[in-house]
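Chains as they are written, first to last, in the numbering used here: chain A, 5 to 390; chain B, 6 to 348. Glycine included, each C-beta is placed from N, C-alpha and C at the ideal position.
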Amino acid sequence: MFAFTLLLALCAALAAAAAPRGNAREPVRIGVTGNTGDRYIRTGLELLGGFDTSRYSLAFEIMEEDEAGAAVRRGEIAGYLRVPEGFVEGLLDGSRVPLTFVSAGGAGISADLTKEIASAVSGILLETENAMYGVQRYSYDTDPSRDWYAESMILFDRYVSAVLDRSELFGVETVGVTGSLSLAGSLFCGILTALMMIWCMGAAPYFTRRSRSLGEILPPLGVSDLAQTVCEYVPFLIMTAAGAAFIAAAALVFAGRSGLYIPEIAERGAGAAAFAGSVIPAALVISAMSFFLYEAARGASSGPLLQFFNAAAEGFAAGCFYPASFLPGAVRAFGSVLPAGAALRCVCGILNGSPSAKDAAAAAAWAALFIALSALMRRIRREGSL
Amino acid sequence: MRSVLLWCALLMKRLLKRPAYIAVLAAVPIAALALSWASSAGSGIVTAGLVAKGSAGGAEERAARRLTEAGSAMRILTFDGEEEASAALRSGEIEAVWILGDLEGTLRAAARSGTAEHPIKVVEREDDPLLALSREKLYAAIFPELSYEIYADLMEDRFGETDGSVLRSYYDTRIVTSRIIEFESVSGGEDTGPGYMLSPLRGLLSLIVLAAALSSALYSIGEVRRGAFVWAGRPAMYAIPLLSHFLAALGAGAASLTALAAGGVLGNVLAEIACMTVFCALCAVFCEALRLVLGTEERFAAAIPAAIILSLALAPIFVDIRGFAPVKALLPPYWYLIWTRFI
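Here is the structure:
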């Protein structure tokens, strides 16, 4: 188990060594197929490539349709833009020949963001076109001899300037709300909590090889079910806490070395050793929950399956996979009272520099409840077998 | 053939006697249904608060309507005043506040001079790429107002036309109303997409299938060590564990298909069943190979989190990470998620 944890940490270290330094981002690659020979289209693509106020850089590559389709399926490009025949002519004469953005279909946040931006760009282009046609029609109606095309191109230039200078419209103030984590920080804590839950899947042999007869011999000797449960839980807690601390330290080193910008780590310089030691309250609740699940599903044939289902379902609701702010209010409220939610809040509090006694108490209360339930289950099972 | 079916029935019966296995399979569609409900509830990758200060029916209100009425992956909440919105920002209910004040006047000035005095005040929780992208959405909502001012300014400059009704009549003669960009899925058909809440559902379900096969393989190690199938003879002795993993995965696969249907993301039923069956077979082979290589329960159990974590990171479940092709090729969920792009 520890050998594999070490292997995971080594993989993280290798990935960190291979990753670019600083805040460099890989550009989002988008293919362009179809009628790409037109000089207007090439100019448009160059403009789009430099259209990068949001720090998400785009790289456009001209490709054949088959090649682009295969690249989308392999995940090498985010999608491709199919430029139909007659697209430019359609723009000039008002007959609409739309572009098609072909993607893998529903690939999460990046797909939603692509659609949001494409929809915003589409709306801006529609408005611009209508205004240009308005100018052309007015020019033609009032003075047919006038060069209506030249007039509309003057308007077009003004639109281009307005769009390029759009950041001037916003007076942006960043307040840095106290007590809340950055998006990157939330994701980091979420992933760490989910990793701890998944890590517990590997403890199956520790539970499946327990001797059942011992559970029947010890109570007459005065060793209660609760005492047996606690004695078995403590080594598991130590193992989980050590694994969690190791994973936390490796994740912190990885986050620092790979150029991933997590403000809480970059600005406060959280030490790996201190952070690793501080995830113990989260390990307390996660190991107790896992212990209870192993007690509920005795045997190797369904233990890891139950562990993973719990990690996926609870992790999702608690905000381990998406930050809690992405979830609906009711799910957020439900997730925060779950054991995984309590564990996540402990980890978030540590990264945020404001660990809360309330969160630690909630984690301890969950742990106590799971231990008590495990002992109760053991007792019911023993009495049923007697 | 008859003996294979008999073995299938026996192994399946053994699986169905496991309450935890049945409980998980029953819970999977319920969880998918809950996720489907959650995806339709109010959620967004960015939640912004909007304060429109202008008069009723003014540019601010029109822009606010465009933002709140259009379906979007961003959630926009409206607030009556700046104080209320700031309190929501501090409490973490929203991540940004957009304050639209005298939009018409400042946009007109911006259109005339080419510069603007920041007519839109934006207060953000942090310097974040998602919040920066959300401003593009805000820009698109106010663009019709800005666009009209730019047009009106040009009409005055170039044609001397200042009559508002004439300007408006030419501006509002919309020649183009259709979308300029259409979305299509690589497998054909319009890409309506399940949205970010439901999009990881298929990937997470594939991991449940893999976890079922891994659990079966872990159990088989003990059985093989005890010589449980020695009496069945040489070929059967090796085939039975493989069949056992396949059936465990198949049960989870059936629950996953039900969950996909419950979540409303099931594609062509026959193609889905075919893909799932092949995926279950692949999971069985993967787990059996891992069992033969690792040998002991301890080593195999330690490999379970590694297999799940690698699949979670490298299969296109939440993000589509490039590179690591040799590792991806070893992971059954990666292949399943690639195949289902063709459905």
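Name the chain A residues that come within less than 9 Å of Leu248 of chain B, Cβ to Cβ? Stepping through the second sequence from its first residue, residue 248 of chain B is reached at position 243. At a C-beta separation below 9 Å, Leu248 of chain B has no neighbours in chain A, since its nearest C-beta there lies roughly 14 Å away.
Residue span of the beta strand (DSSP E) that contains Tyr84 of chain A, given as start and end: Translated into positions along the first sequence, residue 84 of chain A becomes position 80. That run of the beta strand (DSSP E) goes Gly83 to Val87.
If Ile202 of chain A sits next to Pro310 of chain B, beta carbons under 8 Å apart, how far is it from one beta carbon to the other, in whole angstroms? Residue numbering aside, residue 202 of chain A sits at position 198 when the first sequence is read from its first letter. Residue numbering aside, residue 310 of chain B sits at position 305 when the second sequence is read from its first letter. Their Cβ separation, rounded to whole angstroms, is 5 Å, which keeps Ile202 of chain A and Pro310 of chain B in contact under 8 Å.
Strictly below 7 Å CB to CB, what residues from chain A border Gly200 of chain B? On the second sequence, position 195 is the one that residue 200 of chain B refers to. Those within 7 Å of Gly200 of chain B in chain A are Asp116.
With DSSP as the reference, identify every bridge partner of Phe64 of chain A, one or two as the case may be. One-based indexing of the first sequence puts residue 64 of chain A at position 60. Answer by DSSP bridge pairing, in chain order: A:Ile34.
Which of the three DSSP states, helix, strand or coil, is assigned to Leu82 of chain B? Taking the second sequence and counting its residues from 1, the one referred to as residue 82 of chain B is at position 77. Of the three classes helix, strand and coil, the one that applies to Leu82 of chain B here is strand, per DSSP.
Please confirm if Gly374 of chain B has its CB atom under 8 Å from at least one CB of chain A. Any property of residue 374 of chain B remains undetermined from this structure, which presents chain B solely from 6 to 348.
Does DSSP put Glu98 of chain B in a helix, in a strand, or in coil? The residue labelled residue 98 of chain B in the question sits at position 93 within the second sequence. Looking at Glu98 of chain B - three-state DSSP - the assignment turns out to be coil, as it is neither helix nor strand.
For Ala57 of chain B, list the residues DSSP reports as bridge partners. Counting from one through the second sequence, the residue named residue 57 of chain B turns up at place 52. Under DSSP, Ala57 of chain B shares a beta bridge with B:Leu105.
Consider the Cβ of Lys58 of chain B: report whether some Cβ of chain A lies at a distance smaller than 8 Å. Here residue 58 of chain B refers to the residue found at position 53 of the second sequence. Judged by the 8 Å Cβ criterion, Lys58 of chain B is not in contact with chain A.
Start and end residues, beta strand (DSSP E) containing Thr178 of chain A: By 1-based counting over the first sequence, the position of residue 178 of chain A is 174. Per DSSP, Thr178 of chain A belongs to the beta strand (DSSP E) from Phe174 to Thr178.
Can you name the residues that DSSP bridges to Ile125 of chain B? As a first step, residue 125 of chain B must be located in the second sequence, where it is residue number 120. For Ile125 of chain B, the beta-bridge partners assigned by DSSP are A:Phe174 and B:Leu105.
Three Cβ pairs or more, each shorter than 8 Å: is that satisfied between the region 33-46 of chain B and the region 205-216 of chain B? yes
Inter-stretch contact (C-beta, 8 Å, three-pair minimum) for the region 51-66 of chain B and the region 94-103 of chain B: yes
What are the partner residues of Thr52 of chain B, as DSSP defines its beta bridges? On the second sequence, residue 52 of chain B is found 47 positions in, with the first residue counted as 1. DSSP, once it has assigned bridges, lists B:Arg80 as partnering Thr52 of chain B.
Who are the neighbours of Lys126 of chain B on chain A, taking C-beta pairs under 7 Å? Taking the second sequence and counting its residues from 1, the one referred to as residue 126 of chain B is at position 121. Those within 7 Å of Lys126 of chain B in chain A are Gly175.
Own chain residues within Cβ distance below 6 Å of Thr57 of chain A, not counting five before or after: Walking along the first sequence from the start, residue 57 of chain A turns up at place 53. Residue placement at Thr57 of chain A cannot be trusted, given a pLDDT of 47 that sits under 50; the coordinates are not used to answer.
Taking the straight line between their C-alpha atoms, what separation do you get for Leu315 of chain B and Met381 of chain A? In the second sequence, counting from the first residue as 1, residue 315 of chain B sits at position 310. In the first sequence, counting from the first residue as 1, residue 381 of chain A sits at position 377. About 34 Å.
In the region 146-158 of chain B, which residues sit with their C-beta less than 9 Å from some C-beta in chain A, listed in chain order? Ala146, Ile147, Phe148, Pro149, Leu151, Ser152, Tyr153, Ile155, Tyr156 and Asp158
Report the option in B:Leu275, B:Cys285 and B:Leu247 whose CA atom is closest to the CA atom of Val9 of chain B. Along the second sequence, one-based indexing puts residue 9 of chain B at 4. For Val9 of chain B, the nearest C-alpha among the options comes from B:Leu247.
Alpha helix (DSSP H) runs wholly inside the region 262-345 of chain A, at least 4 long, in chain order: 267-272, 276-282, 284-300, 307-322 and 333-341
Look at the alpha carbon of Ala246 of chain A and the alpha carbon of Cys204 of chain A, and state the distance between them as a whole number of angstroms. As a first step, residue 246 of chain A is located in the first sequence; it is residue number 242 there, counting from the start. As a first step, residue 204 of chain A is located in the first sequence; it is residue number 200 there, counting from the start. So the two alpha carbons sit approximately 12 Å from each other.
Determine whether the beta carbon atoms of Leu210 of chain B and Leu265 of chain B lie at a separation below 8 Å. Residue numbering aside, residue 210 of chain B sits at position 205 when the second sequence is read from its first letter. Residue numbering aside, residue 265 of chain B sits at position 260 when the second sequence is read from its first letter. Cβ atoms of Leu210 of chain B and Leu265 of chain B: closer than 8 Å.
Phe84 of chain B and Ala78 of chain B look like a contact to me (Cβ under 8 Å); what is the Cβ gap, rounded to whole Å? As a first step, residue 84 of chain B is located in the second sequence; it is residue number 79 there, counting from the start. As a first step, residue 78 of chain B is located in the second sequence; it is residue number 73 there, counting from the start. With 8 Å as the limit, Phe84 of chain B and Ala78 of chain B do not qualify as a contact, their Cβ atoms being about 21 Å apart.
Pull up the distance between the alpha-carbon of Ile313 of chain B and that of Ile121 of chain A, whole angstroms please. Position 308 of the second sequence, counted from the start, is the residue given in the question as residue 313 of chain B. Position 117 of the first sequence, counted from the start, is the residue given in the question as residue 121 of chain A. In a straight line, the C-alpha of Ile313 of chain B is about 33 Å away from that of Ile121 of chain A.
By DSSP, does Phe105 of chain A sit in helix, in strand, or in coil? As a working mapping, residue 105 of chain A is identified with position 101 in the first sequence. It is a strand residue.
Which residues in chain A sit within 9 Å of Lys142 of chain B, going by Cβ to Cβ distance? Here residue 142 of chain B corresponds to residue number 137 of the second sequence, with the count starting at 1. Simply Glu120, Ile121, Ser123 and Ala124.
Any idea if Ile242 of chain A is buried or exposed, counting beta-carbon neighbours within 10 angstroms, 16 or more meaning buried? Here residue 242 of chain A refers to the residue found at position 238 of the first sequence. Burial call: exposed.
Which of helix, strand or coil does DSSP assign to Phe234 of chain B? As a working note, residue 234 of chain B is residue 229 in the second sequence. Coil.
Return the chain-ordered list of same chain residues with a C-beta closer than 6 Å to the C-beta of Gly345 of chain A, the five sequence neighbours on each side being excluded. Numbered from its first residue, the first sequence carries residue 345 of chain A at position 341. So the qualifying residues of the chain are Ala322 and Gly339.
Exposed or buried, what is Leu11 of chain B when buried is set at 16 or more other beta-carbons lying within 10 Å of its beta-carbon? Position 6 of the second sequence, counting from 1, holds the residue named residue 11 of chain B. Flag for Leu11 of chain B reads exposed.
Looking at the structure shown, is Ser190 of chain B part of a helix, part of a strand, or coil, going by DSSP? As a first step, residue 190 of chain B must be located in the second sequence, where it is residue number 185. Strand.
Would you say Phe160 of chain A reaches chain B, if we count a Cβ-Cβ gap shorter than 8 Å as a contact? Counting from 1 along the first sequence, the entry for residue 160 of chain A is found at position 156. Taking Cβ atoms only, chain B never reaches closer than 8 Å to Phe160 of chain A, which makes this a no.
Taking only three categories from DSSP, how would you classify Ile384 of chain A? In the first sequence, residue 384 of chain A corresponds to position 380, counting from 1. Ile384 of chain A: helix per DSSP, three-state reduction.
Please confirm whether Gly353 of chain A has its beta-carbon closer than 8 Å to some beta-carbon of chain B. Your numbering for residue 353 of chain A matches position 349 in the first sequence. No, because no Cβ of chain B sits closer than 8 Å to the Cβ of Gly353 of chain A.
By the 8 Å beta-carbon criterion, what residues does the region 282-294 of chain B contribute toward chain A? Using a CB distance below 8 Å, no part of the region 282-294 of chain B faces chain A.
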